[in-house]
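What follows is a short report on a single structure.
Written as structure tokens, this is what we have:
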């Protein structure tokens, strides 16, 4: 299984781009200013040249030789919004939280090496109706349609990032966006993750590519957005260590010498340029999305007294919208070094010979959705009502079996963010009327209220999902899965509340789950459905304590509790504490340095099946990990950011069992070093 981009070519391409940007860059100051003025009908008060630079407005027929200097001439104004969201956001320049820059947040754990299968320590069920393949162990490292950002910028903007870690771990990020005209923006994003790991047969490669663009006609009546996302996840699977007791007696403190359960002995390599695997998973998925619309409404005009010019404004009242989504999925497990004895002894899977093993599912989905959207208040485009219907065609290749299915579903949505920004209401829902997922539905409603600047913001919400179990729970999926008595749809009810007080740097959240017909794996290949009702409570709090002028404590804690004997694996307490010395020193130096601690209480963690890609419930093994301790030194100088980190310092403490475990026989890394650099360029 070969990787489609060689790292040497990636590094060469980035070097060329960096050289061109440096030679063409006219300014490197990237301090974010206020967003440019945009009226509520969508008309912008600034025009741009071909390079995205604002053109100052001038009085028509004026003869005055003295003109106002445009405040945007020497700076960049950049903002973005997520797909399917009207909320404007700005780039985050904070330094203290490395997880905002890294693909893995602190609430997740992997199998001991960055890029391997990962899961959340918090309860995180699938809250989406309709078809689902069921392979989610690499979701953390993927680009998605939902997290796509559509930018608005006055200058071409580029961000280059490179993170180098121990054992030749490397991560490369490239982002470029620019407005060719005021009504057209495009963005390109690429990420490469490569990590050979500390143990045998643990190397992985992830390639993520995303291209998106937005266009709006000059008369504001027609608009289109385009997204192309491609993810390729290649990860070797070693099945865990054969004997974890040997970790305390390593020669030269090198865990690579330990034997693992999968893969032929002597076939492993820690070469970072090795882009092939002999035993492991290779997942590929790509999505092409095109959404376009035509608006009917009213044309108006407004007078700008500063330059004595009338500007045309278009108020949309009715929108006709079409969304085309074409997605492909390819999930494959291969083993070119099959050892029948290992399969039988460690995983309970009898194989009759040592031939190569290939397990594979392929899916193709084509969805056409047609919607009608109305805007009750012409001056508030953040208030709208949407009604639509969709046809989804599904084709699958499950080993030697071909399938063909379809879905027809209806969807509705109401949103209202009031003009005074006090209330924010969101209500969405969909119902599958016919097809393979007939009877599935999802409903969501949230009500957010700004109480006051001093008191803060309160949000209350309700969510209910009724869904067909994922395709992996079907006996016909070609992955040796044995589904036992899985006949009913899963139903999940979620009640949630969030309170935030920015003035006090405090957040409090709570969510309560009620689940029926919960579907899960309880071994490497056996899937079951829980007949009893499950209840799970999760409460969290975040607070920033200002200890001195430059010394801050960031405290985060999660508490969660499930029904007794529930087939889920959750630690009772998860906490992260960060003690940071930080501030603005000299003119352009921003610094954050200190100690970070993560700890979760003893619990029985989920085990992992490398063949099906599933974390499964077990009730025999308990982890009692030490608190994880990291030291960090983060700084920012103008458009340059650097992150220096020494992680897993806890493994230096003498004593037995110094390695932490994320699952049975899966040990985490020892002392780990990371150096990350982010550099922004403005043309």
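Numbering (the working numbering), first residue to last: 87 to 769. Ideal placement from N, C-alpha and C gives every residue a C-beta, glycine not left out.
- Assignment of residue 193 by DSSP, reduced to helix, strand and coil, places it in the coil class.
- DSSP places residue 274 inside the beta strand (DSSP E), whose first and last residues are 270-281.
- Its Cα nearest to that of residue 717, the residue 729 stands out among 729, 707, 723, 706.
- Spatial neighbours of residue 405 in its own chain (CB-CB distance under 6 Å, excluding positions within 5 residues in sequence) are listed in chain order as 379, 381, 459.
- Residue 412 places its beta carbon 8 Å or farther from that of residue 456.
- According to the DSSP assignment, residue 475 belongs to no alpha helix (DSSP H) but to the beta strand (DSSP E) extending over 469-484.
- Uninterrupted beta strand (DSSP E) stretches at least 3 residues long and entirely within the stretch 171-237 occur at 194-196, 204-206, given in chain order.
- Taken atom to atom, the span from the alpha-carbon of residue 583 to that of residue 513 is near 15 Å.
- Rounded to whole angstroms, the gap between the alpha carbons of residue 706 and residue 692 is 10 Å.
- Here the alpha carbon of residue 500 sits roughly 30 Å from the alpha carbon of residue 414.
- Contact between the stretch 292-308 and the stretch 329-339 is absent, with fewer than three C-beta pairs closer than 8 Å.
- Per the Cβ contact rule, the stretch 182-197 is not in contact with the stretch 582-601 (fewer than 3 Cβ pairs under 8 Å).
- Residue pairing by DSSP leaves residue 636 without any beta bridge partner.
- The residues 449, 489, in chain order, have a CB closer than 6 Å to that of residue 482 in the same chain once the five nearest residues on each side in sequence are set aside.
- Looking at the DSSP output, residue 247 shares a beta bridge with 259, 764.
- Going by C-alpha positions, residue 511 is about 12 Å away from residue 544.
- DSSP, reduced to helix, strand and coil, places residue 610 outside both helices and strands of the structure shown, so it counts as coil.
- Listed in chain order, the beta strand (DSSP E) runs fully inside the stretch 713-757 are 714-723, 726-733, 747-749, counting runs of at least 3 residues.
- Contact check for residue 756 and residue 284: beta-carbon distance about 7 Å, within the 8 Å limit, so the pair qualifies.
- If you draw a 10 Å sphere on the C-beta of residue 183, you find 16 or more other C-beta atoms in it, and that means buried.
- In the assembly as shown, residue 671 is an exposed residue. Its beta-carbon has fewer than 16 other beta-carbons within 10 Å.
- Look at residue 286 here: in three-state DSSP terms it is coil, with no helix or strand label.
- Residue 550 and residue 694 have their C-alpha atoms roughly 28 Å apart.
- Counting only the Cα atoms, residue 367 lies some 29 Å from residue 339.
- Cβ contact annotation for residue 534 (same chain, cutoff 6 Å, sequence separation greater than five): 510, 545, in chain order.
- In the displayed model, residue 381 falls within a strand according to three-state DSSP.
- Just so you know, the alpha carbons of residue 461 and residue 476 end up roughly 21 Å apart.
- Around the Cβ of residue 631, a 10 Å sphere holds fewer than 16 other Cβ atoms; the residue is exposed.
- Between residue 662 and residue 639, the beta carbon gap of about 11 Å keeps them out of contact (Cβ cut-off 8 Å).
- Measuring C-alpha to C-alpha distances from residue 696 to each of 727, 295, 752, 401 identifies 752 as the nearest.
- Checking the DSSP bridge columns, you'll see residue 307 has no partner listed.
- The stretch 294-305 makes contact with the stretch 223-234; the number of CB pairs closer than 8 Å reaches 3 or more.
- Annotation for residue 686: no alpha helix (DSSP H) segment contains it, though the beta strand (DSSP E) segment containing it runs 675-686.
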